[in-house]
Structure formats: structure tokens, C-alpha cells
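In the working numbering, the protein residues as written are 1 to 595. Glycine residues also receive a C-beta, built at the ideal position from the N, C-alpha and C atoms. Shown next, in C-alpha cells, is the structure this report addresses.
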Ligand code: PEP
Ligand code: MG
């Protein structure tokens, strides 16, 4: 007799994106995780070989198409990566050996193929030659592609899920999230990817609940199970009974429990300290979003528009006209509120193959952000031109990601000047005086913020990256999450240096990393004199209310006291104490009186 599954098993994880979702579990591990050796009948051997050939043909076809798109977008240099991969996928001799093994051992294609690939990778990984090591990445990329065809999984599979689905896996790329969001996926459970990973940012911007944790995938959670996830508390309920399901359905239908609920119901949002100092609040957007009209209604502009998600949405680069239409539409919608368009920040955990990006050994320290743009000049100029044209439609500002040196700003400004001249000559309307800003998210940028501030019109501190680069702790790697310390004195000093440099040069400074949306850090950031906090829209109401509880004068004293603390623990103790005061301000009063 089959055992009835236990009901209402509660697992706990880290909340990544708020809201409640109910659905059926689908487990998506790396393709290799699902492969088991299967014996097949002699009569099925030829069909199995045909399946392998079919998957290989698909992969080659897909690679050809990606290659031509990349060449159009970036230029001939991008073709090289794909040529290498096409060659690997077309290696007759290799596939002949795999087919022979299928015949000899009468086994399934994916197992035979994966075994052969693993053996090759094993040999290459021991190689000292960097060329051979790069081949490891190329072979792995081809293998992923072929296996995902053989297994019928992956973002490339065409069909949506029949039932509302909660996708369970190790981690998902921004591209996969965008693809699955359109295919009946209502929630995500992941083993990796902390709350400031790009995966988390994009899930939040789509308003899909998500939790990260150790869920015992394949044991406690297997495909087909019924799940409830509560992204506010981090709770997962496996096999909920009828009553629990009813309760959560009710909770889900209550708007306030959903990620954008409070924002949609807000009457006004302003962050004014009790002594009158106002901090500008702005929203981070990844795609023209479900809450834009409410932001406009509440007078909130866009402090950061992550344009690279235009790419992830379609897995192909939008041309100038398409980009212009998107930028112009958002500029018009928010006009006269500012809209800060950040140029593509690809690379790192935002890998884009059409940029000709290869899997790098150390992607966070690799070809990322402005570095890619300055190398892929054609693509960069197309984007700058589209942005410049959109300046005629509203209050557009241009922001540059991953700046590490003043030279990158000078080079960009030269491109901009040239494009402005072209537009003038062609009589195309644009704002010649468009504000250009630099992201401060690398310690070298923070330490040269003074020089950068002399070249640009505003600075914007990206704490998500600034923390990872200062602490040498990957923002998406849960194994080092305890080293990813936003309140470390080193990080706070870099923020402070940046704010001072901006103000000494008479320009404004925004904080647009996730730190900007935390109540714990608010008194410190406000006290430093940060002009604007830009955050995920869901965080705006709480931050505005929180900032209105204290005085700027107290926050200023507090910030200078915190800057003298020598360890992260001491800073945390001070932040917690301030938090507790502010939390109880309804009855009492927070006065930071310590010298
Ligand atoms: C940051 O690094 O803080 C930032 C805002 O940029 P992103 O999260 O897109 O890397
Ligand atoms: Mg960043």
C-alpha cells in the first residue's frame, strides 16, 4: 500500500521576494543532475542515436542564430566564441564514439553523451594552457545546450507549465527568470542566490514570491508536490492540507500581503525628517513595471533603470529604434520626474552570450558593465544614441555602471559628444545638457570619487557591488554570505568618501543598492547627507515612514559617531540601538546625544 504523504511539512528559508504563492513543484537542477543510466531495448537503439543527432542539430542551429545576432550587435569579434562552440558541436568523431557506446551498451543518449563529455572535461581541466582551459567553458556550454534539448528542459523549452508552478532549483539566471515568468511560474525556491543577487532583484521586480534555502531538493521536495511559499516570512509548506490551503488562498487575495500591496494603496510617499530635511526617494526598475502608474501618482521618479533586462526579456539585443521606444515611453510616462537610464551592465552573474561573452574563470572581476560597453563600441553607441533621443521626451539622465577609473568616463563623454553632434546635424531633438552620472560600486571608484565627481553631474552608490568588491564576498554565493557585510567600517568609509566628494564638487549623490531600502541603515545614510535613496518600489512606503520618525540633526550626529567605530560588530550594535529607538519613537524620542 502506498504511504499517504505527510501534510503541512514546514521548511524555513531566507525571504528573497515577498508575497504568497501556491503551486505545484517543478524541480530544475542543472541538466546533469537528472541524468541516470537507462538500459534500452535493442530495437530502440537507432531511435536513441537519432535523438542525439537531433539535439546536436538543434544546438548547432541555435548557435548559428545566436552567432549572427551577436555579430550584428557587437561585431565580428563576437563570432569567435560561437565558432568555437559550433566546432565542438559539429565534432563528428566525438559523436561517433558516443553513438558507438549507445549501440554497444544499449544505453540512453543523455547518459552516454554526458559520460563522454565529462571524460573530456576532466582531461582539459588539468591543462595549464589557458586556451585549453577556456575550451572547458565552451564544451560545458555546448553540453548544457545539447542536454537541455535531450531532456526537454531549460528556458529554451517552448511550452508553459499546465498548472501554476513553483520552480525549485539551485539558482536561476536573469534570462531564465524572465522566460519562466511568462510560463505559469508563480514562485521560486532556490538553494543559492542571496537577497542582493541579480536573480533576486529581477524576481522582486516581477513581484513573484521567492525563498532561498537548503530545501533538500529531490528528498523533501520532489516534482509534482503541492507547495505554498510565503516570501514574507520565508516559510515553505509542503503538502498543505485543505484548511491551510484555504487560509493561504485568502491571504494571497489580500492585496496588502502581496509585494506591491502597500504601495498600490499609499496616498502619499515623502521622506521628510522631523526637522524638515527631505530626502528624495526614487525607484529601481528593471522592466517597465506593473507599478509605474502608481509611482507617477506618488511623485516618485526612477533612480535606476537597469536596461540590461531589455536584453534578458527577449534574449536578443533591441536595436536603436526599439530601445528608443522603450526609453522614450518611460521618460514620457514619468515626465517631469527624473528617469535615470543606466547603460547595459552585463557580465558577472548577468551573462549575455550575444555580447560574445565567454564563461570566465572569475566573472565578477571580469568583462562587465562599462568595460563591455567600451569594447563593444557599436552596441554602446547604439544605446547612447537611443538614450540621447529619449532625452527630448522627458527628464532623462544617463548612468554608467561598474566604473573603476576616470578614463572610462572621458571615453564615454567623447562618444556622447560625437553622437550629440551627429544628432544636431541631422536635426534630431535631444537634450544637449543631459546629466551623466557614474555608479560607485568598486572601491577604486569610491577612492577616486573626487576625480570622478569633477567629470560627471551626479554619483550613484551601488552598494550591492561595493560590498562584494570591498569584502571580497560574492553577492550571490550563500557560502560566503557571512562575509558580505554591508555595515563593515570599510564599506561605510567608502560610502562616506563618496558622499563628501560629491558634495565638495557641488553634485548630488544617490544610494541605489539594496542598502538604500533598509530601515536599519536609513539613519546612517540620511545622516551622511545622501541626497537620494533609490530602491525596489516595494520598500518605498516603509522607508518614507521610517525617515519621518527621526531628526536629521540626530542622524548627522549618529553617522559621525558610527564612522568612528572600529568593527562591524560595534557598528551593528549602534545601528540596532538606533533602530530600537526609532521603532519606539511613537512614544519616546530618539536623540543621538553622544559626542
Ligand atoms: C549595485 O551594485 O548596488 C547596483 C545597484 O547595481 P546592480 O545591483 O544592478 O549590480
Ligand atoms: Mg552593481
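Go through its chain and collect everything with a Cβ distance to residue 320's Cβ below 7 Å, but skip five positions before and after it. 382, 385 and 386
Look at the alpha carbon of residue 287 and the alpha carbon of residue 213, and state the distance between them as a whole number of angstroms. 27 Å
Can you tell me whether residue 156 is helix, strand or coil according to DSSP? Per-residue confidence for residue 156 stands at a pLDDT of 46, beneath the threshold of 50, marking its modelled position as unreliable; the derived number appears in the next sentence. In this structure, residue 156 counts as coil in the three-state DSSP scheme.
In the DSSP output, what is residue 230 paired with across the bridge? 20 and 235
Are residue 262 and residue 302 closer than 7 Å when you measure CB to CB? no
Going along the chain, which residues of its own chain have a beta-carbon closer than 8 Å to the beta-carbon of residue 124, five neighbours each way excluded? 132, 133, 135, 136 and 139
What's the gap between the Cα of residue 470 and the Cα of residue 509? 20 Å
Per-residue burial, residue 597 [other beta carbons within 10 Å of its own, 16 or more giving buried]: No statement about residue 597 is possible, as the shown extent of the chain runs from 1 to 595 and does not include it.
Within a Cβ cutoff of 7 Å, which residues of the same chain sit near residue 566, ignoring the five residues on either side of it in sequence? 489
Buried or exposed for residue 377, going by 16 or more other Cβ atoms inside 10 Å? exposed
To the nearest angstrom, report how far apart residue 207 and residue 373 are at their CA atoms. 30 Å
Any non-hydrogen atom of the ligand MG closer than 6 Å to residue 465 Cβ: yes
DSSP three-state label for residue 601, please. The structure shown has nothing for residue 601, since the chain only spans 1 to 595.
What residues match up with residue 495 in a beta bridge as DSSP calls it? Answer by DSSP bridge pairing: none, since residue 495 is not bridged.
Could you say which of 487, 497 and 177 lies nearest to residue 569 if we only look at CA atoms? 487
Looking at the structure shown, is residue 212 part of a helix, part of a strand, or coil, going by DSSP? strand
Using 10 angstroms around the beta-carbon of residue 117, count the other beta-carbons present and answer buried if the total reaches 16, otherwise exposed. buried
Start-end ranges of the alpha helix (DSSP H) lying completely within the stretch 76 to 108, minimum 4 residues: 79 to 89 and 92 to 105
To which residues of the same chain is residue 258 closer than 8 Å at the C-beta, ignoring the five residues directly before and after it? 18, 19, 20, 207 and 252
Check whether the Cβ of residue 18 sits closer than 6 Å to any heavy atom of the ligand FMN, and report yes or no. This structure does not include the ligand FMN; its bound ligands are the ligand PEP and the ligand MG.
Just the C-alpha distance for residue 512 and residue 284, rounded to the nearest angstrom, thanks. 7 Å
Close-in-space but distant-in-sequence residues of the same chain around residue 215 (CB under 8 Å, 5 per side omitted): 11, 13, 168, 189, 191, 221 and 236
Is residue 422 near the ligand MG, judged by its Cβ being under 6 Å from some heavy atom? no
Whole angstroms are fine: how far does the CA of residue 198 sit from the CA of residue 177? 10 Å
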